[in-house]
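> These protein sequence lines are chains A, B and C, in that order. Per numbering that gives the first Met the number 0, the first sequence starts with residue 0, numbered consecutively. Per numbering that gives the first Met the number 0, the second sequence starts with residue 0, numbered consecutively. Per numbering that gives the first Met the number 0, the third sequence starts with residue 0, numbered consecutively. Think of the CB as a built atom: it goes at the ideal place given N, C-alpha and C, for glycine as much as any other residue.
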Amino acid sequence: MSSDKIDQLFDYVQERCLWQFFSRSWDRQENIDGIIRTATDLLTGVDPKRDQPMDRLFYADAKIMVADFRERFPWITAIEPAEVRALMGTLRERIVDLAITRSQNHELSHSIY
Amino acid sequence: MGCDITTKERAGVINPMYDCQPAGAQYAGIGVKDCIPLVHGGQGCTMFVRLLFAQHFKENFDIASTSLHEDSAVFGGHQRIRDGVMTLARRYPALRVIPLITTCSSEVIGDDVEGNINVCNKMLKEAFPDRKVYVVPVHTPSFKSSQVGGYSECLRAIFKTIATRKATATGKLNIFPGWVNPGDLVMLKRYLREMDVDATFFMDTQDFDSPVLPDKSIHTHGRTTVEDIMASTGARASVALARYEGASTAEQLSSDFEVPAHIVATPYGIANTDALLQKISEITGRPIPDSLITERGVAIDALQDLAHMFFADKRVALFGHPDLVIGLAEFCLEIEMKPVLLLLGDDNSKYKRDPRILALTKKADWDMEVICNADLWELEKRVKDPDTKIDLILGHSKGRYVAIDGNIPMVRVGFPSFDRAGLYRHPTMGYQGAMELAENIANTLFAHMEFNRNKEWILNTW
Amino acid sequence: MPMVLLECDKDIPEREKHIYLKVDGEDTRDFLPVSNAQTIPGTLSERGCAFCGAKLVIGAVLKDTIQMIHGPIGCAYDTWHTKRYPTDNGHFNMKYVWSTDMKESQIVFGGEKRLEKSINEAFDEMPEIKRMFVYTTCPTALIGDDIKAVAKKVMAARPDVDIFTVECPGFAGVSQSKGHHVLNIGWINDKVGTLEPEITSEYTMNFIGDFNIQGDTQLLQAYWDRLGIQVIAHFTGNGTYDSLRGMHRAQLNVVNCARSSGYIANELKKQYGIPRLDIDSWGFNYMAEGIRKICAFFGIEDRGEALIADEYAKWKGRLDWYKERLKGTRMAIWTGGPRLWHWTKSVEDDLGVEVVAMSSKFGHQEDFEKVIARGRNGTYYIDDGNELEFFEIIDRVRPDVIFTGPRVGELVKKLHIPYVNGHGYHNGPYMGFEGFVNLARDMYNAVHNPLLKLAATDIRGPANATIREAAE
Numbered sequence: 000m001s002s003d004k005i006d007q008l009f010d011y012v013q014e015r016c017l018w019q020f021f022s023r024s025w026d027r028q029e030n031i032d033g034i035i036r037t038a039t040d041l042l043t044g045v046d047p048k049r050d051q052p053m054d055r056l057f058y059a060d061a062k063i064m065v066a067d068f069r070e071r072f073p074w075i076t077a078i079e080p081a082e083v084r085a086l087m088g089t090l091r092e093r094i095v096d097l098a099i100t101r102s103q104n105h106e107l108s109h110s111i112y
Numbered sequence: 000m001g002c003d004i005t006t007k008e009r010a011g012v013i014n015p016m017y018d019c020q021p022a023g024a025q026y027a028g029i030g031v032k033d034c035i036p037l038v039h040g041g042q043g044c045t046m047f048v049r050l051l052f053a054q055h056f057k058e059n060f061d062i063a064s065t066s067l068h069e070d071s072a073v074f075g076g077h078q079r080i081r082d083g084v085m086t087l088a089r090r091y092p093a094l095r096v097i098p099l100i101t102t103c104s105s106e107v108i109g110d111d112v113e114g115n116i117n118v119c120n121k122m123l124k125e126a127f128p129d130r131k132v133y134v135v136p137v138h139t140p141s142f143k144s145s146q147v148g149g150y151s152e153c154l155r156a157i158f159k160t161i162a163t164r165k166a167t168a169t170g171k172l173n174i175f176p177g178w179v180n181p182g183d184l185v186m187l188k189r190y191l192r193e194m195d196v197d198a199t200f201f202m203d204t205q206d207f208d209s210p211v212l213p214d215k216s217i218h219t220h221g222r223t224t225v226e227d228i229m230a231s232t233g234a235r236a237s238v239a240l241a242r243y244e245g246a247s248t249a250e251q252l253s254s255d256f257e258v259p260a261h262i263v264a265t266p267y268g269i270a271n272t273d274a275l276l277q278k279i280s281e282i283t284g285r286p287i288p289d290s291l292i293t294e295r296g297v298a299i300d301a302l303q304d305l306a307h308m309f310f311a312d313k314r315v316a317l318f319g320h321p322d323l324v325i326g327l328a329e330f331c332l333e334i335e336m337k338p339v340l341l342l343l344g345d346d347n348s349k350y351k352r353d354p355r356i357l358a359l360t361k362k363a364d365w366d367m368e369v370i371c372n373a374d375l376w377e378l379e380k381r382v383k384d385p386d387t388k389i390d391l392i393l394g395h396s397k398g399r400y401v402a403i404d405g406n407i408p409m410v411r412v413g414f415p416s417f418d419r420a421g422l423y424r425h426p427t428m429g430y431q432g433a434m435e436l437a438e439n440i441a442n443t444l445f446a447h448m449e450f451n452r453n454k455e456w457i458l459n460t461w
Numbered sequence: 000m001p002m003v004l005l006e007c008d009k010d011i012p013e014r015e016k017h018i019y020l021k022v023d024g025e026d027t028r029d030f031l032p033v034s035n036a037q038t039i040p041g042t043l044s045e046r047g048c049a050f051c052g053a054k055l056v057i058g059a060v061l062k063d064t065i066q067m068i069h070g071p072i073g074c075a076y077d078t079w080h081t082k083r084y085p086t087d088n089g090h091f092n093m094k095y096v097w098s099t100d101m102k103e104s105q106i107v108f109g110g111e112k113r114l115e116k117s118i119n120e121a122f123d124e125m126p127e128i129k130r131m132f133v134y135t136t137c138p139t140a141l142i143g144d145d146i147k148a149v150a151k152k153v154m155a156a157r158p159d160v161d162i163f164t165v166e167c168p169g170f171a172g173v174s175q176s177k178g179h180h181v182l183n184i185g186w187i188n189d190k191v192g193t194l195e196p197e198i199t200s201e202y203t204m205n206f207i208g209d210f211n212i213q214g215d216t217q218l219l220q221a222y223w224d225r226l227g228i229q230v231i232a233h234f235t236g237n238g239t240y241d242s243l244r245g246m247h248r249a250q251l252n253v254v255n256c257a258r259s260s261g262y263i264a265n266e267l268k269k270q271y272g273i274p275r276l277d278i279d280s281w282g283f284n285y286m287a288e289g290i291r292k293i294c295a296f297f298g299i300e301d302r303g304e305a306l307i308a309d310e311y312a313k314w315k316g317r318l319d320w321y322k323e324r325l326k327g328t329r330m331a332i333w334t335g336g337p338r339l340w341h342w343t344k345s346v347e348d349d350l351g352v353e354v355v356a357m358s359s360k361f362g363h364q365e366d367f368e369k370v371i372a373r374g375r376n377g378t379y380y381i382d383d384g385n386e387l388e389f390f391e392i393i394d395r396v397r398p399d400v401i402f403t404g405p406r407v408g409e410l411v412k413k414l415h416i417p418y419v420n421g422h423g424y425h426n427g428p429y430m431g432f433e434g435f436v437n438l439a440r441d442m443y444n445a446v447h448n449p450l451l452k453l454a455a456t457d458i459r460g461p462a463n464a465t466i467r468e469a470a471e
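(1) Answer yes if the region 407-427 of chain B comes into contact with the region 274-283 of chain B, meaning at least three C-beta pairs across the two stretches below 8 Å, and no otherwise.
(2) Can you grab the Cα-Cα spacing for the pair T38/C / R81/B, in whole Å?
(3) Terminal residues of the continuous beta strand (DSSP E) containing V473/C?
(4) For the region 278-296 of chain C and the region 50-63 of chain A, state whether three or more C-beta atom pairs, one from each stretch, are separated by less than 8 Å.
(5) Establish whether the CB of V173/C and some CB of chain B are separated by less than 8 Å.
(6) When we look at the beta-carbon of G427/C and count the other beta-carbons within 10 Å, is it buried (16 or more) or exposed?
(7) Find the nearest neighbour of P92/B within the set F74/B, V118/B, T65/B and A126/B, judged by alpha-carbon distance.
(8) Kindly indicate the opening and closing residues of the alpha helix (DSSP H) around M521/C.
(9) Go through its chain and collect everything with a Cβ distance to T6/B's Cβ below 6 Å, but skip five positions before and after it.
(10) Given 8 Å as the limit, is there contact between the region 373-382 of chain C and the region 164-180 of chain B, that is, 3 or more CB pairs closer than that?
(11) Answer yes or no: does any C-beta atom of chain A fall closer than 8 Å to that of I273/C?
(12) Cutting at 8 Å between CB atoms, please list the residues of its own chain near I5/A, excluding the five before and the five after it.
(13) Please report how far the alpha carbon of V135/B lies from the alpha carbon of M85/B, in whole angstroms.
(14) Of the choices I57/C, K116/C and Y202/C, whose alpha-carbon is the least far from that of C92/C?
(15) Can you list, in chain order, the residues of its chain with a C-beta nearer than 8 Å to that of T27/C? Leave out the 5 residues immediately preceding and following it.
(16) Verify the CB distance criterion: does C19/B have a CB-CB separation below 8 Å to chain C?
(17) Any Cβ of chain C within less than 8 Å of the Cβ of D60/A?
(18) Per DSSP, what are the beta-bridge partners of E353/C in this structure?
(19) Using the Cβ count rule (16 or more neighbours within 10 Å means buried), how would you classify W461/B?
(20) Closer than 8 Å, CB to CB, is T86/B near chain C or not?
(21) Which term fits R459/C, buried or exposed, when burial requires 16 or more other beta carbons within 10 angstroms of its beta carbon?
(22) Beta-carbon within less than 6 Å of H341/C's beta-carbon, same chain only, minus the 5 sequence neighbours each way: which residues are those?
(23) Using CA coordinates, which residue listed in D312/B, G284/B, I269/B and C153/B is at the minimum distance from R295/B?
(24) What does P210/B pair with, by DSSP beta-bridge criteria?
(25) When the cut-off is 8 Å and only beta carbons count, does N92/C lie next to chain A?
(26) Using the beta-carbon of each residue, which ones in chain C are nearer than 9 Å to V107/B?
(27) Under 8 Å, Cβ to Cβ, is there at least one residue of chain B near Q37/C?
(28) In whole angstroms, give me the CA-to-CA distance for G89/C and I403/B.
(29) In whole angstroms, what separates the C-alpha of L327/B from that of I392/B?
(30) Residues in its own chain within less than 6 Å of Y321/C by CB, not counting five upstream and five downstream?
(31) Taking any Cβ of chain B, which residues in the region 3-19 of chain C have a Cβ under 7 Å from it, in chain order?
(32) Using 8 Å as the threshold, is the C-beta distance between I174/B and L187/B below it?
(33) Can you name the residues of chain C whose CB is closer than 9 Å to the CB of M53/A?
As structure tokens, this is what we get:
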């Protein structure tokens, strides 16, 4: 798995995805986990869950992201599901690191909105 | 027939005519050169007032805030005053005057403004031994008076702080024009020049209409200098054109430094302008020159074309600053219009005893109403009332929807006039102003006749 | 290193923490400007107060609600005639302001009686209006008037009216932002769930954080109508008081302005389990993406694609005409906060414009995370910028156009830089597909203004061709 591929996906998310920057760390974690999970499903041919409102939300965000991935990074359609899963796992970690773990945003852990 | 002088009965206000005291104080403050007012209050008290001035003049003016927050509400805002003054002084090396303007919040908290200024003065002296920065205490709680009183109070406070000694006699006149547009100021200056009278205007706001220049320099600020204010105590006399906006400073100079104070009728219309020129002539001994006789004649000539043919018996509602409303009502009589509704927008109890209003009431052989402490809802209610029959509204832009929804022609005059272009450049005082205002009124009525198909054919030949 | 201490700030060195110059390879883990912090007194900041964040930004947008301001006259006067948010019922919200016109005796003896009287008068004078917001201001908060109790008393006496109270004096918090917060949280706690909305579609949402500036809401509403999605509540563009009481029944919350209104979307998720979807409503690419996400949520993708195809067919050609001519334009954005991150990439992608400096009045660190993630290298990111800083930044980045408020617009005019109203717009709406063409047109007309060359010409110098060129 090349770091170049990760960089491409990470840069895309950085630039386009508001869901990683929600108000509190638990909202961010929930979005990142849900959307990356759903996107991984979509990229690996698994039909994602869509019965709960939050699942449908993750689906909406993931679907558009995956479509963009396929258009901008055609290599993603050529790689094996195992590699996709690994790649998306690393992507998830990097987003969590940026948006939560090492975020300097002092409001992330306020207990109320 | 006759005139009622009443006061709005409701406690609350729907659509105010005036802003609060600190707003008026800020307007007086920006008239001084090398001066940035510092408003001791919440940030909105400054931000919105700067926007208001920008809307009217299409210019930016520098005004600072102490950015008062909760901690100041609990522990007092002393440190924020000191930080504000020192930050301004450090970052603006040319700064010479800082009016420290209080608001409702800082007055309720009860910060010791004078005490803090003493501390600031020591700090300033230490930091800038070769520079004098005047910090002026301006007490303008928003729950008293209005922008009218705030203007007057800031002007007075600035003079009290800076004009502390009797200056050598200058032979000049101090002119206090009140809260007027640059157009009025330029015109008044020309009149005095033509009379060969040396005068200083307080505040000199001519550059509130300022240019874009090739070198990108910015000249949007008052022209009144610290030296001008110091020299005011050696003037031959003071002439205040607005009883409620500047007369108190003229009176202060009279009681403190024996500079004779003359409070004249605000020069709207021909007769009021006559009286002003005659008063200046009387004080200075300078004759009224032929050029002004000619200008007066041109104005009367123009007004004659409009008065009895178009203006006569038109029922006019007026609102705005008291000196403006009263002066324009007097002008209405000269051009045969009937001022039927005068709205004065704060609780100053002196309006009811103003000799000009009493004179108007004596002249009124029609229904006329003067409402004190009025809001624009009073105007709107009367516009909606078929019995009131208003043909024309004279007032500032805040009344625009009353005119629009009531389909009544309205000429913007006074502050703020943000929904018509360039009005700040055109005089409304003096002969020239009377003529231009009347022509603006006529053209507004004409356009209204045309768009409403109301005897527009009269103008097929004129 | 990339935090910047400007020359004009040498006497207030703490400003360094608020100004960031982005360099290749850095992200917000390395540098994030301090924001939502107290302003240094006397700096000529652009900030307003918490009261205006509640009243002027959110509350006064409503088209059927009296906005009673309990305080001295200025708070009402100043939050009137400063916004362009029309309504489809004749702009009731822009025509009127209401004040208790607090005077000294009420400061001394309390103002509750005057408030009660003013509320009753307002309902009596405007009998067709049955809804009201009541706001405290600095002095009424300081003297401790209980506006909630007064509202309760009036509601008991007038069963057909409903009153919402906002206790948010101007001195609260550090900027407008505090007012957004207080109003959001107050509304969800006091009013959401007190009225059941009529459901007319199987797809329902709230559209949150859009204030119908020059008709934004109404433009977008045409999209939702075509998609068959019922917007239960607009928070608060062209909105009504009662529609906002029914927000709890929506299936989805779509959020545009996360700064002013993210709080209520968060609470609706927490309290009612309604998902929050953040979108950008400015820009072609973004708008299409937002529509796709909303339609994917509801499973009506085909409708979304048809709408996007039609809108592209209608407007894309005009957008590209402007893109061709705007490419490489250097833009600065000095607005409240969110428009920085909404716009920086959309003007770049859709119009080829480079955003070279951005200043936020009231954004939080969340907003800076978003804008720095999206924005360019070599661009300045400024929190609570003040006037001297603006001069210095202009010297450094030389923008061709600045999107900012009218007052700052008047200032930069003297520096031969055109402004476009970044708050109320020049000639909007700016949201949606058509709206972004409007924005492009206004930017083009500002940048290609012959007066700019004439302004720079000193006719005292040797004759040159500039004047003739400019006139052509």
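Quick answer:
(1) Short answer: they don't touch.
(2) For the purposes of this step, residue 38/C is identified with residue 39 of the third sequence, where counting begins at 1. For the purposes of this step, residue 81/B is identified with residue 82 of the second sequence, where counting begins at 1. In a straight line, the C-alpha of T38/C is about 14 Å away from that of R81/B.
(3) Lying before the first or after the last residue shown, residue 473/C is absent from chain C, which here runs from 0 to 471.
(4) yes
(5) In the third sequence, the residue the question calls residue 173/C occupies position 174. Chain B, which has a Cβ nearer than 8 Å to the Cβ of V173/C, makes this yes.
(6) If you number the third sequence from 1, residue 427/C lands on position 428. It counts as buried.
(7) Numbered from 1 along the second sequence, position 93 holds the residue referred to as residue 92/B. The shortest C-alpha separation from P92/B is found at A126/B.
(8) In the structure as shown, chain C starts at 0 and stops at 471, and residue 521/C therefore has no counterpart that could be examined.
(9) Here residue 6/B is taken as the residue at index 7 of the second sequence, counted from 1. Excluding positions up to five away in sequence, the list reads C371 and N372.
(10) No, the region 373-382 of chain C does not touch the region 164-180 of chain B.
(11) Here residue 273/C corresponds to residue number 274 of the third sequence, with the count starting at 1. Yes - at least one Cβ of chain A is within 8 Å of the one on I273/C.
(12) Taking the first sequence and counting its residues from 1, the one referred to as residue 5/A is at position 6. Annotation for I5/A: L86, T89, L90 and R93 place their beta carbon closer than 8 Å to its own, counting only its chain and skipping 5 residues before and after.
(13) For this step, residue 135/B is matched to residue 136 along the second sequence. For this step, residue 85/B is matched to residue 86 along the second sequence. For V135/B and M85/B, the distance between alpha carbons rounds to 14 Å.
(14) In the third sequence, residue 92/C corresponds to position 93, counting from 1. Correcting the residue type first, residue 92/C is Asn in the shown sequence and not Cys. Among I57/C, K116/C and Y202/C, the Cα nearest to that of N92/C belongs to I57/C.
(15) Counting from 1 along the third sequence, the entry for residue 27/C is found at position 28. Same-chain partners within the cutoff: F367, E368, I371 and A372.
(16) Taking the first residue of the second sequence as position 1, residue 19/B is located at position 20. At least one chain C Cβ lies under 8 Å of C19/B.
(17) Taking the first sequence and counting its residues from 1, the one referred to as residue 60/A is at position 61. By this cut-off, D60/A is an interface position.
(18) Sequence index remark: in the third sequence, residue 353/C carries index 354 (1-based). For E353/C, which the question treats as bridged, DSSP gives the partners R329/C.
(19) As a first step, residue 461/B is located in the second sequence; it is residue number 462 there, counting from the start. Under this definition W461/B is an exposed residue.
(20) The count along the second sequence starts at 1 and reaches residue 86/B at position 87. So, interface residue.
(21) Within the third sequence, numbered from 1, the residue matching residue 459/C stands at position 460. So R459/C counts as exposed.
(22) The residue given as residue 341/C occupies position 342 in the third sequence. D279 and W281, listed in sequence order.
(23) Within the second sequence, residue 295/B is the residue found at index 296, counting from 1. It is I269/B.
(24) Within the second sequence, numbered from 1, the residue matching residue 210/B stands at position 211. For P210/B, which the question treats as bridged, DSSP gives no partner whatsoever.
(25) Here the question's residue 92/C lines up with position 93 in the third sequence. No, no contact with chain A.
(26) Within the second sequence, numbered from 1, the residue matching residue 107/B stands at position 108. In chain order: I106, C137, P138, L141 and I142.
(27) The count along the third sequence starts at 1 and reaches residue 37/C at position 38. So, interface residue.
(28) Position 90 of the third sequence, counted from the first residue, corresponds to residue 89/C. Position 404 of the second sequence, counted from the first residue, corresponds to residue 403/B. If you take the alpha carbons of G89/C and I403/B, they lie about 11 Å apart.
(29) Looking up residue 327/B in the second sequence gives position 328. Looking up residue 392/B in the second sequence gives position 393. So the alpha carbons of these two residues sit roughly 11 Å apart.
(30) If you number the third sequence from 1, residue 321/C lands on position 322. Only A439 and Y443 meet the Cβ criterion.
(31) C7, D10 and I11
(32) Position 175 of the second sequence holds residue 174/B. Position 188 of the second sequence holds residue 187/B. Taking 8 Å as the Cβ cut-off, I174/B and L187/B qualify as a contacting pair.
(33) Stepping through the first sequence from its first residue, residue 53/A is reached at position 54. Within 9 Å Cβ-Cβ: K268, G272 and P274.
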